[in-house]
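Count along the sequence shown starting at 1, add 2, and that's the number in the numbering used here.
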Amino acid sequence: MTQPDLPDITTDCAIVGAGPAGLMLGLLLARAGLDVTVMEKHGDFLRDFRGDTIHPSTLDVMHELGLLDELLKLPHTQASRLHAEIGGRDVTLADFSRLPTRCRFIAFMPQWDFLDFLAREAARRPNFHLVMPAQVDGLIEAEGRIAGLRATTPRGALTLRAALVVGADGRNSVVRQKAGLEVESFGSPSDVLWMKLSHQPGDPPYVMGHGGPRQGFVMVDRGDYWQCGYVVRKGSFADVKAAGLEAFRAQVAAVSPLPASRMEEIASWDDVQLLSVRIDRLKRWWRPGLICIGDAAHAMSPIGGFGVNLAIQDAVAAANILTRPLKEGRLAARDLAAVEARRRFPTWATQKLQLMMRRGRRQREASGEERAGGPPGFLRSIARWPLLAHLAGRLVGLGFRPEDVRGARERNSGSAAAI
């Protein structure tokens with residue numbers, strides 16, 4: 003039996019995607035008194051190997067919202083420095099100890115815990131609504147602007163009319179595809195194969211590590227296990243699988259500081275998940291009545307863990323700029339353009355930095371300056387000049403343009419009413 007269609011819903015803002023960008027924006031707009039509906043295609047947040055780094059800039063946002071102490075009660079690990087093993091010695095890649103922030107560390111926290119925390123906080127407000135699972139099928143256009151969306155839910159079809167639709171549905175965004183927004187791709191020469199390995203006494207003492215020759219190896223300490231990423235040439239996963247699981251274990255063991263016997267925990271290819279790496283961004287982030295933020299507007303390489311934190315900063319900027327026009331019923335194209343203008347430079351600069359890291363290595367390999375067994379050039383530079391670790395810490399920890407929640411400092415000091 004087919005489900006009857008649900009009644010049409012009208013909301014101030016319809017957000018597609020309950021990731022970091024979508025839930026943070028939903029929380030901020032709901033705190034401001036706007037009616038917000040967030041649509042998420044999955045039924046829960048439990049997906050492995052998502053961006054799990056919460057940077058100092060995001061921790062500052064949580065402090066401004068009065069939520070930092072409660073957030074840090076959740077299971078997590080902290081890293082005041084990021085390390086790599088290069089040439090058999092431990093090298094500090096990024097040092098956060100001198101940042102002008104409240105938290106001089108990165109928090110490694112499973113993303114599902116972070117998202118669940120944001121969703122619970124937002125749900126304290128009766129004007130916040132989270133619909134999951136809900137698959138967006140199309141956008142509603144009226145009088146030259148986007149005026150809502152249509153979605154399918156287990157309870158039937160849903161029509162949602164809104165003053166603003168926000169695409170925050172990730173790098174494979176349905177919203178940006180349905181809106182016909184043009185994507186500019188910058189490619190990537192690599193993919194990442196993610197896996198879990200147990201954490202044992204005597205394992206390396208650092209929270210994040212990187213080692214190996216052409217294929218890099220990253221380890222993130224999750225307490226009772228390591229989240230490990232093995233970098234391979236773009237599109238080569240099929241070749242890796244064709245060579246067999248035993249050969250793969252041997253390749254990982256060759257670049258991992260963990261004992262080779264630990265690789266037996268990779269029991270089948272089901273224990274290996276592919277992250278297809280790409281770098282892209284929209285040529286324009288908006289249409290009248292619609293804007294994309296986070297990965298939907300700009301997919302990032304996992305280098306530096308920038309993606310989650312850029313998404314959060316996008317959400318803060320969008321809330322700062324769009325709240326008043328939405329509340330006053332006068333949202334215009336210039337407001338959406340202002341969000342893009344505010345966030346385009348940090349997006350461009352971060353992607354430029356990631357591309358320069360890869361380009362520099364390819365140029366050295368082509369000229370013969372970098373031997374096949376050497377680490378990327380930017381790692382060798384930091385190893386040679388340790389003061390660069392503080393610069394890297396600032397770029398990773400704060401980014402190129404950290405955002406403040408508008409009015410948060412005044413509210414925290416009691417000089418203004420809460421949003």
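All C-beta atoms, glycine included, are put in the ideal place defined by N, C-alpha and C.
Closest Cα partner of residue i within the set the options
i: residue 298; options: 101, 125, 169; result: 169
i: residue 97; options: 408, 395, 402; result: 395
i: residue 44; options: 74, 12, 155; result: 155
i: residue 131; options: 269, 318, 234, 27; result: 27
i: residue 78; options: 67, 55, 66, 92; result: 55
i: residue 31; options: 254, 193, 344, 128; result: 128
i: residue 113; options: 300, 138, 198, 20; result: 20
i: residue 427; options: 193, 197, 192, 225; result: The chain is shown from 3 up to 421; residue 427 falls before or after that span and cannot be answered.
i: residue 108; options: 139, 38, 126, 222; result: 222
i: residue 173; options: 390, 294, 407, 355; result: 294
i: residue 356; options: 190, 196, 260, 245; result: 190
i: residue 140; options: 133, 162, 46, 146; result: 162
i: residue 34; options: 326, 345, 406; result: 326
i: residue 358; options: 281, 322, 263, 334; result: 281
i: residue 134; options: 144, 159, 145; result: 159
i: residue 17; options: 64, 71, 46, 138; result: 138
i: residue 194; options: 147, 242, 164, 181; result: 242
Burial state of residue i, where buried means 16 or more other Cβ atoms lie within 10 Å
i: residue 258; result: buried
i: residue 94; result: buried
i: residue 166; result: buried
i: residue 332; result: exposed
i: residue 157; result: exposed
i: residue 304; result: buried
i: residue 171; result: buried
i: residue 270; result: exposed
i: residue 260; result: buried
i: residue 41; result: buried
i: residue 343; result: exposed
i: residue 36; result: buried
i: residue 237; result: exposed
i: residue 401; result: buried
i: residue 146; result: exposed
Closer than 8 Å to chain D by CB, residue i
i: residue 276; result: No chain D appears in the structure shown, which is made up of a single protein chain.
Supposed contact pair residue j and residue i - C-beta distance, whole angstroms, cut 8 Å
i: residue 57; j: residue 399; result: 5 Å
i: residue 10; j: residue 328; result: Not quite, the Cβ-Cβ distance comes to about 20 Å (not below 8 Å), so this is no contact.
i: residue 227; j: residue 198; result: 5 Å
i: residue 275; j: residue 404; result: Not quite, the Cβ-Cβ distance comes to about 31 Å (not below 8 Å), so this is no contact.
i: residue 392; j: residue 126; result: At roughly 39 Å, the Cβ-Cβ gap does not stay under 8 Å, so residue 392 and residue 126 are not in contact.
i: residue 235; j: residue 278; result: The pair is not a contact, with the Cβ atoms about 12 Å apart (cut-off 8 Å).
i: residue 407; j: residue 67; result: 6 Å
i: residue 255; j: residue 262; result: 4 Å
i: residue 345; j: residue 319; result: 5 Å
i: residue 268; j: residue 247; result: 7 Å
Count Cβ pairs between the stretch 329 to 349 and the stretch 77 to 84 that sit closer than 8 Å; are there 3 or more? Too few Cβ pairs lie closer than 8 Å, so no.
Would you call the stretch 164 to 179 and the stretch 139 to 152 in contact, with 3 or more CB pairs under 8 Å? Touching, yes.
Between the stretch 344 to 351 and the stretch 186 to 206, do three or more beta carbon pairs fall short of 8 Å? The stretch 344 to 351 vs the stretch 186 to 206: no contact.
Output the residue ranges of the alpha helix (DSSP H) runs that lie fully inside the stretch 214 to 256 and measure 4 residues or longer, sorted by chain position. The DSSP assignment places complete alpha helix (DSSP H) segments of no fewer than 4 residues inside the stretch 214 to 256 at 239 to 245, in order along the chain.
Taking 8 Å as the threshold, find out whether the stretch 311 to 319 comes into contact with the stretch 59 to 66 through three or more Cβ pairs. At 8 Å Cβ cutoff, the stretches touch.
Touching or not, the stretch 9 to 26 and the stretch 114 to 121, by the rule of three or more beta carbon pairs under 8 Å? Contact between the stretch 9 to 26 and the stretch 114 to 121 is present, because at least three Cβ pairs lie under 8 Å.
Mind the definition here: the stretch 184 to 196 touches the stretch 285 to 293 only if three or more C-beta pairs lie below 8 Å; say whether that holds. By the criterion of at least three beta-carbon pairs nearer than 8 Å, the stretch 184 to 196 is in contact with the stretch 285 to 293.
Please specify which runs of the alpha helix (DSSP H), each continuous and at least 4 residues long, are wholly inside the stretch 139 to 199, giving them in chain order. DSSP runs (the alpha helix (DSSP H)) wholly in the stretch 139 to 199: 176 to 180.
Which parts of the stretch 72 to 118 are runs of the beta strand (DSSP E), unbroken and 3 residues or longer, counting only runs that do not cross its ends? Listed in chain order, the complete beta strand (DSSP E) runs (minimum 3 residues) inside the stretch 72 to 118 are 79 to 81, 83 to 88, 91 to 97, 108 to 110.
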